[in-house]
Amino acid sequence: MKKEDLIIAPSILAGDFGHLADEAKKIEQAGADHIHIDIMDGHFVPNLTLGPKAVAAINRASDLFLDVHIMVYNPYDYIERLVEAGADRITFHFEATEEVEETLDYIRKCNVQAGLAFCPETSESMVTSYLDKCDLILLMTVKPGFGGQAFIEQMLQKIKFTRAALNQRGIVPRLLKESDKGSVFPIQVDGGINLETAKKCIDAGANDLVAGTYVFKEPSMKDAIQSLRNCI
Ligand code: DX5
Ligand code: ZN
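Numbering-wise (the numbering used here), the sequence shown opens with residue 5 and increments by one.
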């Protein structure tokens, strides 16, 4: 994989919710590719976070691509509001709906990218059914719900399996806008990403890294992002 195929997406969940606009600007100035926004409903995961209004505020503050990860039941019901708020990609959970295909199709119909997320305990065999119907696969590397958890090493096998399946089928990314970059279909990892785990995930085939605690806790977010880029 080439350096330009790697996406770094700081998770604003680890930022200061009293200053979301400033945190969005900070992520942009630090040289990130995307801003990852975690939306939780208190049912699918035992935590509550942000909603469409906060996505709109972040969108006003930054020109970066907004990568919206929704950990909610009935994801279909939130698509229109998130698109209006400025989401560039909406990633929902396979485990959160019985209408996976309809939801993916509808997100794509709204002219944004459709991502599909898988919890750590979900079998890797489920991932392959949707590879040609979405724009990104998110393999959770922690149990969704909270930042600051430890990376689950067993997920490396799932990453390898997914990359092998994508390669075997020759699936390439669908680019919507000129600003979309990359020729490698995105496998995103989310949870417990730091320099050590980023390297392992990249070696296994991931090319889109979400990092919350690591990039926000380092003294310089810019250096933290650069050091993640150097993991390749
Ligand atoms: C967890 C969220 C993550 C979280 C990652 O459910 O999806 O995006 O912000 O945080 P860290 O990098 O701290 O594990
Ligand atoms: Zn997330």
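C-beta: ideal position from N, C-alpha, C; glycine also. Quick caveat: nothing in here was measured; it's all calculated off a predicted structure.
Counting C-beta atoms within 10 angstroms of its own C-beta, Asn211 has 16 or more neighbours from the protein chains shown and is therefore classed as buried. Where Ile229 is concerned, the enclosing alpha helix (DSSP H) starts and stops at 225-233. Taking 9 Å as the cut-off, the beta carbon of Ile191 is found no closer than this to the beta carbon of Leu232. Assignment of Ile236 by DSSP, reduced to helix, strand and coil, places it in the coil class. Relative to the ligand ZN, His40 has its C-beta within less than 8 Å of a heavy atom. The criterion of a C-beta distance shorter than 9 Å is satisfied by Val188 and Val176. When secondary structure is reduced to three states using DSSP, Ser15 falls in the strand class. Considered as a whole, the segment 189-227 harbours 191-194, 212-215 as its complete beta strand (DSSP E) runs of no fewer than 3 residues, in chain order. Assignment of Thr53 by DSSP, reduced to helix, strand and coil, places it in the coil class. The Cβ neighbour count for Gly209, taken over all protein chains shown within 10 Å, is at least 16; the residue is labelled buried. For the 9 Å CB-CB criterion, Tyr134 and Leu120 form a contact. Ranked by Cα distance from Glu200, the options Ile156, Ala60, Ala169, Gln172 are led by Ile156. In this structure, Met159 is the residue among His38, Ala18, Met159 with its C-alpha nearest to the C-alpha of Glu125.
Closer than 8 Å to some heavy atom of the ligand ZN: that does not describe the Cβ of Pro14. Distances taken from the Cβ of Leu17 to the heavy atoms of the ligand ZN include one shorter than 8 Å. For the 9 Å CB-CB criterion, Pro56 and Tyr80 do not form a contact. Relative to Met130, the option among Thr217, His97, Gly152 whose CA is nearest is His97. The Cβ atoms of Ala13 and Ala215 sit closer than 9 Å to each other. In this structure, Leu10 lies near Ile206, with their beta-carbon atoms less than 9 Å apart.
Rounded to the nearest whole angstrom, the CA to CA distance from Arg85 to Asp136 is 25 Å.
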